[in-house]
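A.B. asks: Taking our numbering, the leading residue of the sequence shown gets 2, the next gets one more, and so forth.
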Amino acid sequence: MSKQAMREETERLIKEAMERKAVTIKQGDTRIEAVCGRCGAKNRVTMAKGQSRATFTCKECGHEQMSL
Ligand SMILES: [Zn+2]
């Protein structure tokens, strides 16, 4: 393998590792099913990593609230 090819291979591996890391961060987001306090409809809410609460607007009645 030539030096040029080795360098390209290394760059490719670094790029792949970075892409994997980006995916991992995305997977850190928590998806929860929050039940609307007004109408009881279930809403899919995406919560950022490290957060225990997320605000969402009910898809059924439009009531804005905070998930528990
Ligand atoms: Zn609702």
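All residues carry an ideal CB built from backbone N, CA and C; glycine is no exception.
Whose C-beta lies closer than 7 Å to the C-beta of Ser68 among residues of the same chain, with five residues either side of it excluded?
C.D. replies: Ile33, Ala35, Val46, Arg54, Ala55 and Phe57
A.B. asks: So is the beta-carbon of Ala55 under 7 Å away from any non-hydrogen atom of ligand 1?
C.D. replies: No, ligand 1 has no heavy atom inside 7 Å of this Cβ.
A.B. asks: If you follow the beta strand (DSSP E) that Lys43 is in, where does it begin and where does it stop?
C.D. replies: Lys43 to Met48
A.B. asks: Please state whether DSSP places Met67 in a helix, a strand or coil.
C.D. replies: strand
A.B. asks: For a quick check, are the C-beta atoms of Lys50 and Gly63 less than 8 Å apart?
C.D. replies: no
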